[in-house]
Amino acid sequence: MTLEDDTVTIARPSADPRLGRRAMIMAAGLGRRMLPLTEDRPKPLVEVGGRPLIAYSLDRIAQAGVERAVVNVHYCADQIEAFLGGVGQPDIVVSNERDRLLDTGGGIVRALPELGEDPFFILNSDAIWIEGAEPALERLRARWDEDAMDCLMLLAATATSIGYTGYGDFHMDPDGRLFRRGEGEVAPFTFAGAYLVHPRLFAGMAEEPFSMNLLWDRAAARGRLYGLRHDGVWLHVGTPDAIAAAETALKDL
Numbered sequence: 121m122t123l124e125d126d127t128v129t130i131a132r133p134s135a136d137p138r139l140g141r142r143a144m145i146m147a148a149g150l151g152r153r154m155l156p157l158t159e160d161r162p163k164p165l166v167e168v169g170g171r172p173l174i175a176y177s178l179d180r181i182a183q184a185g186v187e188r189a190v191v192n193v194h195y196c197a198d199q200i201e202a203f204l205g206g207v208g209q210p211d212i213v214v215s216n217e218r219d220r221l222l223d224t225g226g227g228i229v230r231a232l233p234e235l236g237e238d239p240f241f242i243l244n245s246d247a248i249w250i251e252g253a254e255p256a257l258e259r260l261r262a263r264w265d266e267d268a269m270d271c272l273m274l275l276a277a278t279a280t281s282i283g284y285t286g287y288g289d290f291h292m293d294p295d296g297r298l299f300r301r302g303e304g305e306v307a308p309f310t311f312a313g314a315y316l317v318h319p320r321l322f323a324g325m326a327e328e329p330f331s332m333n334l335l336w337d338r339a340a341a342r343g344r345l346y347g348l349r350h351d352g353v354w355l356h357v358g359t360p361d362a363i364a365a366a367e368t369a370l371k372d373l
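Okay, structure coming up:
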């Protein structure tokens with residue numbers, strides 16, 4: 121604590137500098153829910169507000185000081201690689217899934233050698249949000265607890281997220297631990313497409329197709345899946361109909 125001109129300034133603990141220096145952007149999906157826009161292009165290159173979806177994710181990790189990012193590709197892979205060739209920061213490594221789509225979990229396992237031994241960020245290639253008082257990825261870094269967590273998700277409020285019409289994904293206890301919603305329930309929080317994860321969560325997993333839902337559920341069962349509510353606005357851009365609402369929100373900035 122310091123005193124300057126009768127103003128009290130409380131120094132906040134800084135995040136571990138090793139956290140989130142590498143990241144992965146998930147860009148290998150087939151984009152079926154975005155048809156017909158994805159008939160001739162991959163979903164990450166569908167434009168929202170005049171920019172490809174993946175550009176927003178790349179901006180967020182660059183702003184967070186990520187030094188290296190892995191981007192996996194499958195559908196219309198050549199188009200994504202051509203776009204990535206023009207990215208300045210961070211350094212991009214392409215993970216090729218042209219011959220075999222590995223789903224979200226298997227895709228990350230393949231990329232692990234490039235992601236290092238420290239916790240890293242995972243972002244969906246369609247993750248768009250408007251920041252709150254502090255950048256969301258920095259808030260994830262500051263909230264990370266190595267001893268308690270294997271995965272820390274950015275969450276959005278189910279009821280107020282723009283373009284989202286689902287029933288939510290998680291309940292959260294006062295400490296931030298996450299629990300799946302039950303059948304027939306509406307959960308207050310939905311996954312917002314970004315998280316910080318420790319590579320130990322993938323221990324023993326083979327480079328085979330599997331969903332990250334498997335590992336999230338394992339982490340939740342051990343009490344090591346946590347969430348952090350986004351303090352800005354999350355834009356769900358999963359279908360063509362959701363694009364207009366997202367563009368309106370971005371124009372209002």
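Its first residue numbered 121, the sequence shown is counted upward by one per residue in the numbering used here.
Quick reminder that beta carbons are idealized off the backbone N, C-alpha and C, glycines included.
Being a predicted model, the structure only gives us computed values, none of them experimental.
- Restricting attention to G347, N244, T285, the CA atom closest to the CA of D293 is found in G347.
- Between the segment 214-232 and the segment 136-153, the count of C-beta pairs closer than 8 Å reaches three or more; the two stretches touch.
- Taken through DSSP and simplified to helix, strand or coil, Y176 comes out as helix.
- Within the same chain, and ignoring the five residues on either side of G169 in sequence, the residues whose Cβ sits closer than 6 Å to its Cβ are E367, L370.
- A256 places its beta carbon 9 Å or farther from that of T278.
- About 12 Å separates the CB atoms of L275 and F299; that is not less than 8 Å, and the two are not in contact.
- Rounded to whole angstroms, the gap between the alpha carbons of I282 and H356 is 6 Å.
- Note: W249 is bridge-paired with W354 in the DSSP secondary-structure output.
- For G343, the closest of C271, H318, A364 by C-alpha to C-alpha distance is C271.
- Secondary structure at L275: strand, using DSSP grouped into helix, strand and coil.
- A residue is called buried when at least 16 other Cβ atoms come within 10 angstroms of its Cβ; E217 meets this threshold and is buried.
- At the C-beta level, P319 and L232 come within 9 Å of one another.
- 9 Å or more divides the Cβ of W354 from the Cβ of I228.
- Beta-bridge analysis with DSSP links L316 to F241, L272.
- Taking C-beta atoms as the reference points, V213 and V193 fail to come closer than 9 Å.
- Nearest to G286 by C-alpha distance, out of F311, M269, R263, is F311.
- Here D211 has E187, R188, A189 as same chain residues with Cβ atoms under 8 Å from its own Cβ, once five neighbours each way along the sequence are excluded.
- Distances from the alpha-carbon of V207 to those of Y176, T280, D267, L155 put Y176 closest.
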